[in-house]
Structure formats: C-alpha cells, structure tokens
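So for the sequence shown, my numbering puts the first residue at 703; every next one is plus one.
Beta carbons: idealized from backbone N, C-alpha and C, even for Gly.
The structure displayed is predicted, hence computed values, not measured ones.
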Amino acid sequence: MLLISKTYWLGMPFNYKGPLPQDTTVTPIHIQAADMRWISGLHYTPPAARQQKIGVLVMHPRADFTRHYCIPGFVGAGISVLGLCTRTLNNDATAIHEDLILDVAAGVKYLRSNGCDKVLLFGNSGGGSLFAFYQAQAEKSPAERLAVDAAGKPTKLQMAEMIPADGLLAVSAHPGEGKILEHCIDPAVVDEQQPLLGNPALDMYNPANGFVAPPEPSHYDREFVARYRAAQRARVEKLDNLARAMIHDAREAEVLYKTSRDTLSFEERQQIGRRAALEPVMVIYRTMANLHYTDPDLDPSKRSYGSLFSERPDLMNFQYIGFGRVVTPAAWLSTWSGLSSHADFCKNAAQMSCPVLLVNALRDKEIYPGDAQLMWQSLASADRTYLDIDAEHYFEPPFGEQTAPDVDALMAEVLPWVMERFA
703 MLLISKTYWL GMPFNYKGPL PQDTTVTPIH IQAADMRWIS GLHYTPPAAR QQKIGVLVMH
763 PRADFTRHYC IPGFVGAGIS VLGLCTRTLN NDATAIHEDL ILDVAAGVKY LRSNGCDKVL
823 LFGNSGGGSL FAFYQAQAEK SPAERLAVDA AGKPTKLQMA EMIPADGLLA VSAHPGEGKI
883 LEHCIDPAVV DEQQPLLGNP ALDMYNPANG FVAPPEPSHY DREFVARYRA AQRARVEKLD
943 NLARAMIHDA REAEVLYKTS RDTLSFEERQ QIGRRAALEP VMVIYRTMAN LHYTDPDLDP
1003 SKRSYGSLFS ERPDLMNFQY IGFGRVVTPA AWLSTWSGLS SHADFCKNAA QMSCPVLLVN
1063 ALRDKEIYPG DAQLMWQSLA SADRTYLDID AEHYFEPPFG EQTAPDVDAL MAEVLPWVME
1123 RFA
C-alpha cells in the first residue's frame, strides 16, 4: 500500500509526554450511563494535601483521551482529571451524539460524587462540540431536551440525570464534526459506489482548476471556490436523503412485520423481517478535500501545507483513514452531516451560560481563523475568554520527542484561568 499518512502508522499525538507528577494516583474506572451502557476510563488524582475540589473531564467522541496531554499539568496544580472513553471508542460506525452525551453525563456525575465541587469540561478537537452539545442540553429542564435524535429515534435525554458543568475549555475545538466534513468532502464524486469516478470540473486536485504539484501552494479562483462549496453542500444533502431513505425503509418494514402476523405467510413475513433487521452501512469515500489544505490564501493562517492526516491530501483522499469513512445512516445524520447533526458547536454555544475559554491553535491544519471567530461570536456566556497560541492541533512536538513546549505554553494560560474562577 502506498504510505500517505504518518498518522496511520504512528498514532494520533494526544498522549502526554514525560512522567506524571510524583504521588499521582491513577485509578481505572468502569461506570454506567443512564441507558445502562458501560464506559471506562482513568481517574488521576493528586495527593490529598494538594488536592483542589476541582475535577476536569476530558473526552472525545471516538478517540482515547485517557492519556491526554492536559493531564499532567492539571494534576500538578492539584486538580483531578478523568480521562473517559465513550461507548464508541475507535468506532465511527455507530457514533450517535445523542447517546454519547449520556456518557458525558456519567463522567460529570462521577467527578461530583468523588469530591469535586466544580467540574470542568476540557474539549479538545471533537471533544469541544461533544461537550458544547452536552452543556446546552444539561442546562435545559428535562422536558426541554431533545426528544428525538437526528435520525428521528427517541432519545434518553429527558429521563437522564444531566448535571451542568461549571465551565468549558474548548481547545483546538471545531464547529462540529459535520461542519468539518462539509468543508472537506469531495464534491467531484459522481457515484458513491465508484470512488475513482469523478467530475473533473469539481476536482480540487485537478490542475485545470488551479492545483499544482505538492508541496507548492495551489490557488483557486473565487468562482471555482463558490461552485465547489455549493457542490459540497449538495453532496451532504444527497447523503442525508440516502440515510433517511434507508432508515425509513427499515421502520416501514418493522411496522409491517408486526402487523402482518395474521395476514401473511411465514415466508412472506420472513422477507419483511429481513428488511426490518437490516443495518446498512454507508461508505463515504473521498473526504480529504478541503480547499484550505492546498490554498494558503483561503482563510490565511500559520498552517503548513496539507491536512491533519497527511501532507499529501490529494492521495490521502482515496485511502481509508479520513473523516466519517464508514457509518450507519443514523451515525451519519447524528455526527457527520453538517446539515442534520445536533452536535453543532455554534448553535449549542448560543444556549450555554457557563464560563468558556476558547483556544485557537494558529498552526492548525483543520480549524482555521474563520472557524474560531464563528465559534467565538456564537458564545452567549457572559464570562468568555479567547486565546491564540502558536501551536498545531494537538499542541504536540514531532513524533518521538519527549518534551512538549507547546503543551507547556497552553497550560501556562489554562491553569490561571481555571484557578482564578474555580479554586
């Protein structure tokens, strides 16, 4: 296989570097969400003599943040940290955000029950939109919470105990996984089953449209950019319609199966039962196609060429690693559709009242100044703080180095913000 991504072989760089503070206690935990699903994590606590009554929860919809880079800094300041995995660890296929925030609720409750008078949400990357969704729902009365998810299935939110957090730290957070995908899905795809087919007029990696050989920057004219963005949205809408059609067919078959016991033969009902039982999977090809990857004049920043996953997004676009590659129809609508997902940071931020620290990484290859400004402007919180830090998405050094100066620079800003408000 042609190797395009270092990330694929080396793993994502969100593990902390170096040792934990001396006498840190690390406790494996196994807790249950309101819908009876079990989730696991690691609880880091400092010695009792230095312990603040503050707990930090760090999570991501699918990534393992149990060794997140923020943990040593918080523990060194006397703050407990719970690194918690959701029920869909390493699994895009069934990631339903309306279920995942039940996992967040379980984490907040655990910290409250273990001596933390204040609980803060550290939302890095996809954790930011996950936590904003949680907080917006938790601040509502149970009756006001979402009754159905993006696919129309009843949620458990109105019966769940959802304790609002006391603050949100959105660090290299994006406007939502669906919003990210809407800007990097390839609109040149003409057949969802044949990824090599494409419309040359909508191919950002076609030299006729302005693409040049990497790593030289490409430049796209405004007319192409406008046409490209509209076509991206159209592909997302097409996939939404496909997902809803699949869900509708299964629900229709389920009703027919339940009501046809006395009118159809076993063989006829069995065929209907198979339709009702079918759990189709959508394969979303070519999702590494954001114009910003190659054109530095679009939303200029200090980023380098390429995407978070690869320095050759033109080839990575055809490989397995990428955003939302394999999903159920319900997971597509809940998580990866920029038109249907409820995990929309900006919409949820407008419904939150807790203090918020929003940190933008200036060299981020997936989140751009325009994204950060939209998120900042959406915040309804009276107590809100914005920071720019000269770092990449995960604030990490090149793979293999054992010090992380960008993490130190981040925590030098984060810890005073936390202690001033919650100590």
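Test item: CB-CB of residue i and residue j under 8 Å
i, j, result
"Q860", "A849", "yes"
"K820", "D868", "yes"
"Y812", "I733", "yes"
"Y1096", "F767", "no"
"T1030", "A765", "no"
"R1014", "P916", "yes"
"A779", "T790", "no"
"A872", "G809", "no"
"I986", "R935", "no"
"L802", "G743", "no"
"L1059", "W1119", "yes"
"L759", "F824", "yes"
"P902", "D1046", "no"
"P723", "V806", "no"
"A945", "M984", "yes"
"S1080", "C1048", "yes"
"T729", "S782", "no"
Own chain partners of residue i with C-beta closer than 7 Å, once the 5 adjacent residues on each side are dropped
i, result
"Y1126", "With the chain covering only 703 through 1125, there is no way to say anything about residue 1126."
"A933", "P889 and L904"
"H921", "G912, D997 and D999"
"G900", "A890, V891 and V892"
"L686", "Absent from the structure is residue 686, since the part of the chain shown begins at 703 and ends at 1125."
Element boundaries [alpha helix (DSSP H), containing residue i]
i, result
"P1107", "P1107 to F1124"
"D1090", "First-last for D1090: R1086 to I1091, but that is the beta strand (DSSP E), not the alpha helix (DSSP H)."
"V938", "R924 to T961"
"V777", "I773 to G778"
"H745", "Not the alpha helix (DSSP H): H745 falls in the beta strand (DSSP E), residues W740 to T747."
Beta-carbon proximity list for residue i, same chain, < 8 Å, skipping 5 on both sides
i, result
"A1082", "A1051, A1052, Q1053, M1054 and S1055"
"A1125", "Q754 and I756"
"F926", "N911 and G912"
Residue i - containing beta strand (DSSP E), residue span
i, result
"G785", "S782 to L786"
"G757", "I756 to V760"
"L883", "Premise fails: L883 lies in the alpha helix (DSSP H), E879 to C886, not in any beta strand (DSSP E)."
"I667", "The first residue shown for the chain is 703 and the last is 1125, placing residue 667 beyond what the model contains."
"G869", "G869 to V873"
Residue i beta carbon near the ligand ADP (any heavy atom closer than 7 Å)
i, result
"K820", "As for the ligand ADP, it is missing from this structure, which has no ligand bound."
Nonlocal neighbours in the same chain, by C-beta distance under 6 Å from residue i, ignoring five residues either side
i, result
"Y710", "Interpretation of Y710 is limited by its pLDDT of 42, a score under 50 that renders its predicted location unreliable; the figure taken from the coordinates is listed afterwards. Cβ within range, chain order: I1023."
"E956", "A978"
"D951", "none"
"D1108", "A1093 and F1097"
Whole-angstrom C-beta distance between residue j and residue i, which should lie under 8 Å
i, j, result
"L1089", "S1003", "Incorrect: roughly 15 Å between the Cβ atoms, too far for contact."
"L832", "H799", "7 Å"
"N826", "S874", "6 Å"
"L993", "Y930", "6 Å"
"W667", "E879", "There is no way to answer for residue 667, as the model of the chain reaches only from 703 to 1125."
"A750", "L804", "About 31 Å separates the two Cβ atoms, so there is no contact after all."
"D1016", "K858", "So it is not a contact: roughly 43 Å between Cβ atoms."
Enumerate, from N- to C-terminal direction, the unbroken alpha helix (DSSP H) stretches of 4 or more residues contained entirely within the region 786-852.
Counting only unbroken stretches of 4 or more residues, the alpha helix (DSSP H) elements lying wholly within the region 786-852 are 799-815 and 828-840, in sequence order.
Segments of 3+ residues assigned as beta strand (DSSP E) that fall wholly inside the region 1042-1098:
Taken in chain order, the unbroken stretches of beta strand (DSSP E) that lie wholly in the region 1042-1098 and span 3 residues or more are 1058-1063 and 1086-1091.
Residue ranges of each alpha helix (DSSP H) within the region 963-1022, 4 or longer
968-979 and 1015-1018
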